[in-house]
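Each residue of the sequence shown is one higher than the one before, counting from 6 in my numbering.
No residue lacks a Cβ here, since even glycine has one placed at the ideal position from N, Cα and C.
Notes follow the structure.
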Amino acid sequence: MQRFVSHQPDAVKFGMGDTSTLGFDFFELMTKMMADPVVVARAQIDLFYDTLGIWQKTAERMLMLRAREAGPPKDKRFKHPDWSENVIFDFVKDSYLVAAKSLLSAISETKGMDEASARKVDFYTRQFIDALSPSNFVATNPEVLTATLESGGQNLLRGLENLLVDLERGDGRLAITMTDIKAFRLGENIATAPGKIIYQNELMQLIQYAPSTNECRRRPLLIVPPWINKFYVFDLQPKNSFVKWAVDQGHTVFVISWVNPDERLAEMSFENYMLEGPLAALHTIESATGERSVNAIGYCLGGTLLASTAAFLAAKGDDRIASATYFVTLVDFTEVGDMAVFIDEEQLASLERRMRERGYLEAQDMATAFNMLRANDLIWSFVVNNYLLGKEQMPFDLLFWNSDSTRMHSFYLRKMYQRNLLTKPGGITLADTPIDLSKVRTPAFILATREVHIAPWKSTYAATCLYSGPVKVVLSAAGHMAGVISPPSSKYGHWANDNLPPSPDEWLAGATPHQGSWWPLWDEWVTQFDAGRVPAREPGGGKLPAIENAPGLYVRVRSMAS
């Protein structure tokens with residue numbers, strides 16, 4: 006403990022959200038509740054009757070008049086058998102769930118609140134409720150109590166040690182360990198697909214991957230990842246590497262590896278990322294392969310950048326993007342789910358002020374915000390496992406990547422997320438060129454994921470009304486990461502529908518469910534833009550010599566100590 010304290014900075018950093026105005030939001034809630042006391046009275050009456058039901062159920066179980074409820078628990082926090090088999094813990098669990106339901110119901114039924122305030126009140130109330138779950142405390146978690154008794158408290162000592170390590174790793178802030186970070190080494194057992202860096206500038210390195218076939222498709226494949234995460238989500242391990250799989254299908258794969266920015270890049274804008282990212286990559290690919298046009302993939306914010314680039318090229322009459330694939334990409338920010346909590350006027354002003362001071366947004370600020378969107382899965386489950394049970398995390402490649410986030414410089418949160426100007430013709434100007442998505446006639450493949458908290462699938466579907474070219478939509482059954490990294494062995498299915506009604510609900514109602522990965526379906530779609538076959542291309546074998554081996558230098562810069 007003394008060693009930990011001695012290493013702490015004088016000032017403690019705070020997260021992405023600014024809670025300084027929450028008092029006003031909750032004051033507005035109380036004002037509206039006082040104006041309509043029926044809402045509060047109804048909630049209290051419902052809570053009273055629900056509580057009576059719990060007491061009755063508990064009494065009947067204690068008198069052997071009722072058996073415990075059969076079947077697996079609906080809430081993963083209470084999966085341990087004692088939550089249902091032990092009458093006392095069953096009572097504690099049910100009391101918590103009923104109280105949570107009552108509180109959220111009272112808030113949702115309160116009318117007349119400002120929409121942004123209501124969203125924040127609901128979001129932070131859920132954070133409060135999640136934090137107070139009986140599963141998060143030693144005395145009320147039967148699994149933790151059992152472990153404490155069996156180990157003589159050693160689990161709590163190990164948990165304290167894990168806690169101090171995470172606090173030290175986060176420079177005084179809690180950086181929860183989600184996987185065994187030391188189990189992975191870039192280029193050795195993760196991000197291992199063979200390739201070369203063939204170009205770099207101050208914002209990115211461009212990787213060309215080595216072929217695994219004698220012939221390859223004439224048209225290269227360019228992947229544009231988000232700049233707030235590392236590129237190797239597409240190359241985790243051979244069994245689930247999209248890069249390896251695409252190479253095996255005959256694609257010549259190029260991937261942008263973004264720099265982890267610091268204060269030196271504070272003045273970089275979205276425009277710079279377009280010019281020195283996808284556009285620079287297009288020029289480089291032409292020099293390396295002789296091919297002027299590519300099939301392109303954009304993931305998340307990388308997809309937003311790709312869509313903007315496609316509109317920029319369309320305005321110039323440039324057809325170098327033969328097809329565009331968008332993985333969980335928002336271009337219409339009308340409804341961004343709980344992310345809206347962090348991008349109202351007060352939050353943005355606070356973010357912009359802090360980003361001006363540092364020149365960028367800390368990676369941990371963004372990671373914390375994303376984790377709060379699924380707090381029970383991405384925060385509290387690890388709190389229980391790491392700090393109460395004192396367990397070490399198992400190696401998990403996807404969580405290792407998720408923990409390896411990057412810093413972000415300050416640009417366009419306001420214009421895109423808040424003002425939604427990308428949907429308006431000429432709403433955004435890049436390199437003196439008005440951006441108009443309706444001018445984009447490039448064939449598009451849109452992948453949405455159903456269980457997603459960052460880019461809601463119905464908002465992703467809204468892009469079908471913005472592009473002028475042919476569009477194909479596929480919905481994956483999993484989430485933001487697992488829904489994309491879905492190799493042929495994947496257990497997750499997907500839905501497809503060639504019709505594009507205005508409503509996403511109508512689209513889903515008419516969609517056909519399919520078992521397994523959507524990757525082969527995408528490959529079948531993109532094959533129509535191949536333009537024939539050519540001898541396999543070795544990275545560094547063209548006009549551009551190799552700079553270094555993949556995965557390159559930029560990806561190795563971590564935002565937090567390992």
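Which first and last residues belong to the alpha helix (DSSP H) in which residue 351 is found?
If you number the sequence shown from 1, residue 351 lands on position 346. Taken as a continuous stretch (DSSP letters only), the alpha helix (DSSP H) holding residue 351 covers 350-363.
With burial defined as no fewer than 16 other Cβ atoms inside 10 Å of the residue's Cβ, what is the status of residue 553: buried or exposed?
As a first step, residue 553 is located in the sequence shown; it is residue number 548 there, counting from the start. Flag for residue 553 reads exposed.
Bridge partners of residue 499, per DSSP?
Within the sequence shown, numbered from 1, the residue matching residue 499 stands at position 494. Partner(s): 481 and 519.
Quick one: using the 10 Å Cβ neighbour count with 16 as the cut-off for buried, is residue 204 buried or exposed?
Residue mapping note: residue 204 aligns to position 199 of the sequence shown, counting from 1. That one is buried.
Do you know offhand how far residue 385's Cα is from residue 474's?
By 1-based counting over the sequence shown, the position of residue 385 is 380. By 1-based counting over the sequence shown, the position of residue 474 is 469. So the two alpha carbons sit approximately 44 Å from each other.
Mark residue 29 as exposed unless 16 or more other C-beta atoms lie within 10 angstroms of its C-beta, in which case mark it buried.
Looking up residue 29 in the sequence shown gives position 24. By the neighbour-count rule (16 or more Cβ atoms within 10 Å), residue 29 is not buried but exposed.
What whole-angstrom Cβ distance do residue 139 and residue 85 have, given they're in contact under 8 Å?
As a first step, residue 139 must be located in the sequence shown, where it is residue number 134. As a first step, residue 85 must be located in the sequence shown, where it is residue number 80. With a Cβ gap of about 12 Å, residue 139 and residue 85 do not count as contacting.
Cβ-heavy atom distance between residue 250 and the ligand MN below 7 Å?
With respect to the ligand MN, the structure shown offers nothing to examine, as it has no ligands at all.
To test your reading of the DSSP string, which unbroken alpha helix (DSSP H) runs of 4 or more residues are found completely within the region 194-223?
Fully enclosed alpha helix (DSSP H) runs of 4 or longer: not present.
Express the C-alpha separation of residue 82 and residue 396 in angstroms, rounding to a whole number.
Here the question's residue 396 lines up with position 391 in the sequence shown. Here the question's residue 82 lines up with position 77 in the sequence shown. Going from the Cα of residue 396 to the Cα of residue 82 covers about 16 Å.
Tell me where the alpha helix (DSSP H) around residue 466 begins and ends.
Within the sequence shown, the letter at position 461 stands for residue 466. Element bounds for residue 466: 462-466.
Beta-carbon separation of residue 126 and residue 31 under 8 Å?
As a working note, residue 126 is residue 121 in the sequence shown. As a working note, residue 31 is residue 26 in the sequence shown. Result yes, Cβ atoms of residue 126 and residue 31 sit closer than 8 Å.
Thinking C-alpha only, which one of 497, 40 and 563 is nearest residue 455?
In the sequence shown, counting from the first residue as 1, residue 455 sits at position 450. The residue with the shortest Cα to Cα distance from residue 455 is 497.
Report the residue from 64, 68 and 108 whose alpha carbon sits nearest the alpha carbon of residue 52.
Start at 1 with the first residue of the sequence shown, and residue 52 comes out as number 47. Considering only alpha carbons, the answer is 108.
Which ranges does the alpha helix (DSSP H) cover as unbroken runs of at least 4 residues, wholly within the region 517-565, from first to last along the chain?
Within the region 517-565, the complete alpha helix (DSSP H) runs of at least 4 residues are 524-531.
In chain order, what residues of the same chain have a beta carbon less than 7 Å from the beta carbon of residue 250, not counting five sequence neighbours either side?
Here residue 250 refers to the residue found at position 245 of the sequence shown. Hits under 7 Å: 492 and 524.
In this structure, does DSSP put residue 315 in helix, strand or coil?
Stepping through the sequence shown from its first residue, residue 315 is reached at position 310. In the structure shown, residue 315 sits in a helix (DSSP, three-state: H, G or I).
What is the rounded straight-line gap between the Cα of residue 545 and the Cα of residue 256?
Along the sequence shown, one-based indexing puts residue 545 at 540. Along the sequence shown, one-based indexing puts residue 256 at 251. Spanning the two alpha carbons is a distance of roughly 16 Å.
What residues match up with residue 435 in a beta bridge as DSSP calls it?
Taking the first residue of the sequence shown as position 1, residue 435 is located at position 430. Per DSSP, 438.
Considering just the uninterrupted stretch of the beta strand (DSSP E) at residue 262, what are its terminal residues?
Counting from 1 along the sequence shown, the entry for residue 262 is found at position 257. Its beta strand (DSSP E) spans residues 258-263.
Can you tell me whether residue 326 is helix, strand or coil according to DSSP?
Reading the sequence shown from its first residue, position 321 is the one you call residue 326. The answer is strand: DSSP assigns residue 326 an E or B state.
Suppose you measure from the CA of residue 388 to the CA of residue 183; what does that come to, to the nearest Å?
The count along the sequence shown starts at 1 and reaches residue 388 at position 383. The count along the sequence shown starts at 1 and reaches residue 183 at position 178. Taking the straight line from one Cα to the other gives about 10 Å.
Around the C-beta of residue 427, are 16 or more other C-beta atoms found within 10 angstroms, so that it is buried, or is it exposed?
Numbered from 1 along the sequence shown, position 422 holds the residue referred to as residue 427. By the 10 Å Cβ count, residue 427 comes out buried.
Please look up how many angstroms separate the CB atoms of residue 451 and residue 476, rounded, as I've assumed it's under 8 Å.
By one-based count along the sequence shown, residue 451 stands at place 446. By one-based count along the sequence shown, residue 476 stands at place 471. So it is a contact: roughly 6 Å between Cβ atoms.
For the region 339-347 against the region 118-135, are there 3 or more C-beta pairs whose distance is under 8 Å?
The region 339-347 vs the region 118-135: in contact.
Since I believe residue 555 is in contact with residue 201 (beta carbons under 8 Å), could you give me their beta-carbon distance rounded to a whole number of angstroms?
On the sequence shown, residue 201 is found 196 positions in, with the first residue counted as 1. On the sequence shown, residue 555 is found 550 positions in, with the first residue counted as 1. That pair is a contact at about 6 Å.
Let me know the alpha helix (DSSP H) ranges lying completely inside the region 44-101, each 4 residues or longer, listed in chain order.
Within the region 44-101, the complete alpha helix (DSSP H) runs of at least 4 residues are 87-90.
On the three-state DSSP scale, how would you describe residue 447?
As a first step, residue 447 must be located in the sequence shown, where it is residue number 442. Coil at residue 447, not helix or strand.
What's the gap between the Cα of residue 463 and the Cα of residue 447?
Here residue 463 corresponds to residue number 458 of the sequence shown, with the count starting at 1. Here residue 447 corresponds to residue number 442 of the sequence shown, with the count starting at 1. Approximately 21 Å between the Cα atoms of the pair.
Do you know offhand how far residue 246's Cα is from residue 354's?
As a first step, residue 246 is located in the sequence shown; it is residue number 241 there, counting from the start. As a first step, residue 354 is located in the sequence shown; it is residue number 349 there, counting from the start. Cα to Cα, the separation comes out at about 39 Å.
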